[in-house]
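From first to last, the protein sequence lines are chains H and D.
If you want my numbering, it's the position in the first sequence, counting the first as 1, plus 22.
If you want my numbering, it's the position in the second sequence, counting the first as 1, plus 22.
Every residue gets a Cβ at the ideal spot worked out from N, C-alpha and C, and that includes glycine.
This report refers to the structure that appears directly beneath it.
2 protein chains.
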Amino acid sequence: MGRVKIADIARRAGVSPKTVSRVVNRESSVSDALRERVERVIAQLNYEPDRQARSLRSGRSFHLSFAYASPSSYFVINLIEGIRSACRRNGYLLVPFETEEKGSRLVLSLLEFAERERLDGLLMMPPMTDNEQLLAALDEENILYSRIAPGDQRPHELDVVTTDRAAGREMTDHLLQLGHRHIAYIAGHPDHLAMAQRLEGVRDSVHGQTNPRCKLEIWPGRNTFESGLEAAQELLSRQPRPTAIFAANDDMACGVLFEALERGLRIPGELSVAGFDDIVLASHVWPGLTTIHQPIREMGETAAQLLIDRISGRQVDALAPLPTRLVVRRSTGEAPRVDAARP
Amino acid sequence: MGRVKIADIARRAGVSPKTVSRVVNRESSVSDALRERVERVIAQLNYEPDRQARSLRSGRSFHLSFAYASPSSYFVINLIEGIRSACRRNGYLLVPFETEEKGSRLVLSLLEFAERERLDGLLMMPPMTDNEQLLAALDEENILYSRIAPGDQRPHELDVVTTDRAAGREMTDHLLQLGHRHIAYIAGHPDHLAMAQRLEGVRDSVHGQTNPRCKLEIWPGRNTFESGLEAAQELLSRQPRPTAIFAANDDMACGVLFEALERGLRIPGELSVAGFDDIVLASHVWPGLTTIHQPIREMGETAAQLLIDRISGRQVDALAPLPTRLVVRRSTGEAPRVDAARP
DNA sequence: CTGAAAGCGCTAACAC
DNA sequence: GTGTTAGCGCTTTCAG
């Protein structure tokens, strides 16, 4: 016997196929009695609607896509894990869309993809989350989307954000408490706006500090390991050099670590290094990277669930920022005494 | 105006829809004249068949799935990149299937998924590639699959393999040439058969070496960073300890590196460390991991293309193993002189 | 609130 | 070789 179809349910429940369809799609216009009867039969026969058929008729695909272009594999893979989990729960299929394209080519190819595949919705991570042109186009075409870790320039009800600013402050407080008075911060990619908030947190902390004052240097980064490495090459060549380097993500922090070890600096004796995100890498690089833990998998799952709720026409309330957590590993420690810092 | 459909092409080309369908599906029974005419119109109107409709009618989904359960995110993400690229070229959609399940639960959930989604084919990486029970079930159900980096116990025409044994030998030769005469090898997960071949290569090399003989210790691993770390804790506690540790993958090698640095060993002065795969991590850990480069992205792309060819009924010849390459970074160097190794 | 009829875009089955 | 017919499983539309 083949798989059970809507007609089988209808027959067994003594209703029309259309009524079953209404129940399956949670339409409100079904009496409680019928709904219950139909639901029982559905459960009995373990019925699941055929995605291709629904999709052909209704113009929806029941596919969600996740667009990414990230150098940070760990971040992406954990997000996918979370997204898939929400999709499975709700009968959606996840279709990854990895692309290196930028600007209007990105917009074009993403829109074409969404239309061709009749995507029900799109999930994004930075920097796409803050691509004004892309967001405008999606709004224009009425393509629903949910953003993971966007900046706050253009709030959207399906955003999943963390307490970036507070976390930036918390990490900086940690460094200040360890006695660091010359901190370099490697900023995130300028298109990645949430990272700007991390910097705000750093400033909050440093400016709150008065006695003695802390010197804060800000250096540009591009979120990649390589950009962290390059920043460190520059920062560590200076006299006096910072006693702590805080990078806006873990990949860059690992670049810093690499360069510092390359120069024979003792970590954390001569230099403290901190990152942000707590990707797996952070606990695999020696001597263990102090970082801000983000619930990456959960962020993906939440974003997908919000999007699905929205697609289904359910009421969706804007979500409070998810909490982060300072994870102290061994890359940070007491600041060297001043004379030690200038050999 | 909506999207162009098969009837539009048929009208413009002056043929029946069925003929257009035949052309689209590369069926042989179309005259060259008609085929050409139809193809021209298809190109003109930029027609692409509707996946949902084809799929509803033909019982195929035009979806490929990639099943994975790996601790190594970098490996997975690069494979996905390659697989997606082949899928896009051929009008297929990739649906990732990440699972932690094992044994018959894995078999059940994968089969159920394949059937429910009417998957056209399945891509796998170790250890699923060598799961006898799973392969038997897939064969039984006539589900086509392609395997990335399987062991050679059960050759299959859609396998994509690399020259694991030769590479294992090459790396060991490299260590021997550097003067190492006490090498520890951390083996891969026993369910991951391709890794057994790497070990064979190690043995080839060591046994070919006679003057002076090299001591080879073999230690079990589970492919994870943590298992590499544990192995190193044990191996480095011994007297005499090995002067080189070769791990069957990069994640484990990074665990070794971590433990060695933790003990204050100079790399490579007191200990050489080597890995296998050349995932991104290998070049991001300090001081840079010597490893065997595998063309990971290409492996994914090739596997997907083979699978699609096979699905389309095209002739598929078994593929020669893809070549690997020794990448020497700074984690390997001359063996310490004997007196230095026993402080 | 419920049901009947029609048809989404394509291809299997069959006819010519 | 090529075309015709029917129908995949569901939901839209419209009638009651």
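Can you tell me the Cα-Cα spacing of D142/H and A188/H, whole angstroms?
34 Å
For Y167/D and L145/D, I'd like the C-alpha separation in whole angstroms.
Cα-Cα distance, rounded: 6 Å.
With DSSP as the reference, label S305/H as helix, strand or coil.
Helix, per DSSP.
Less than 7 Å between the beta carbons of N112/H and I330/H, yes or no?
At a Cβ-Cβ threshold of 7 Å, N112/H and I330/H count as neighbours.
Test: S294/H CB closer than 7 Å to a CB of chain D:
Answer no: the Cβ-Cβ gap between S294/H and chain D never drops below 7 Å.
Rounded to a whole number of angstroms, what is the C-alpha to C-alpha distance between A362/D and E292/D?
Model confidence at A362/D stands at a pLDDT of 45, short of 50, so the residue's coordinates are unreliable; what they give is reported in the following sentence. Roughly 8 Å separates the two Cα atoms.
Under the three-state DSSP convention, the category A363/H falls into:
Only weak support exists for where A363/H lies, its pLDDT of 44 falling under 50; the coordinates are left without a value.
Residue from F84/H, L101/H, V60/H, M193/H whose Cα sits closest to the Cα of Y90/H:
The shortest Cα separation from Y90/H among F84/H, L101/H, V60/H, M193/H belongs to L101/H.
What residues in its chain sit with their C-beta under 7 Å from that of A206/H, if we drop five residues either side in the sequence?
Taken in chain order, the residues that qualify are E239, W241, L257, P264, I267.
Contacts of I102/H in chain D (Cβ-Cβ under 8 Å)
Chain-order list of chain D residues neighbouring I102/H: P118, E120, by C-beta distance under 8 Å.
Entirely enclosed beta strand (DSSP E) segments - the segment 186-271 of chain H, minimum 3 residues
Runs of the beta strand (DSSP E) inside the segment 186-271 of chain H: 204-208, 237-241, 266-269.
Assign G104/H to one of three DSSP states: helix, strand, or coil.
The answer is helix: DSSP assigns G104/H an H, G or I state.
Going by the beta-carbon positions, is the gap between R352/D and G310/D smaller than 7 Å?
yes
Within-7 Å CB hit, A75/H to chain D:
yes
Considering I170/H, what are the terminal residues of the beta strand (DSSP E) in which it resides?
167-170
Flag H211/H as yes if its beta-carbon sits less than 7 Å from any beta-carbon of chain D, otherwise no.
no
Determine, using beta carbons only, whether P317/D and L344/D come nearer to each other than 7 Å.
yes
CB contact check: A253/H to chain D, cutoff 7 Å
no
Would you mind working out which of A136/D, D72/D, A171/D, S87/D sits nearest F97/D, comparing C-alpha positions?
A171/D
For P118/H, I'd like the list of residues in its chain whose CB is within less than 6 Å of its CB, leaving aside the five on either flank, ordered along the chain.
F88
Below 7 Å CB to CB, which residues in the same chain sit around V46/D once its five sequence neighbours on both sides are set aside?
P71
I99/H touches chain D at which residues, Cβ-Cβ below 7 Å?
S95, V98, I99
Exposure of G250/H, with buried meaning 16 or more beta-carbon neighbours within 10 Å:
Flag for G250/H reads buried.
Please check if any C-beta of chain H sits within less than 7 Å of the C-beta of H214/D.
no
Verify the CB distance criterion: does F84/D have a CB-CB separation below 7 Å to chain H?
no
DSSP three-state assignment for D181/H, whether helix, strand or coil:
In this structure, DSSP gives D181/H an extended state, which the three-state scheme calls strand.
If I measure Cβ to Cβ from D195/H and keep anything under 7 Å in the same chain, skipping five residues before and after, which residues do I get?
S227
Identify, in the order they occur along the chain, each residue of the same chain with its Cβ nearer than 6 Å to the Cβ of A35/H, setting aside the five sequence neighbours on each side.
R59, V60, V63
Assigned secondary structure, V52/H (DSSP; H/G/I helix, E/B strand, else coil)
Three-state DSSP puts V52/H in coil, outside helix and strand.
Nearest by alpha-carbon distance to G297/D: which of R110/D, P358/D, T346/D is it?
T346/D
Measure the C-alpha to C-alpha separation of R359/H and L283/H and round it to an integer number of angstroms.
One C-alpha to the other measures close to 20 Å.
Assuming the contact rule is C-beta atoms closer than 8 Å, L56/D and V37/D should be a hit. Round their C-beta distance to whole Å, please.
Yes, L56/D and V37/D are in contact; Cβ-Cβ is about 6 Å, under 8 Å.
To the nearest angstrom, how far is the alpha carbon of D273/D from that of S305/D?
12 Å
Could you tell me the alpha carbon to alpha carbon distance between Q219/H and E281/H, rounded to whole angstroms?
Rounded to the nearest whole angstrom, the C-alpha separation of Q219/H and E281/H is 26 Å.
Leaving out five residues before and five after P93/D in sequence, what residues of the same chain have Cβ atoms less than 6 Å from its Cβ?
T246
If you measure from the beta carbon of H306/D to each beta carbon in chain H, is any gap under 7 Å?
So, interface residue.
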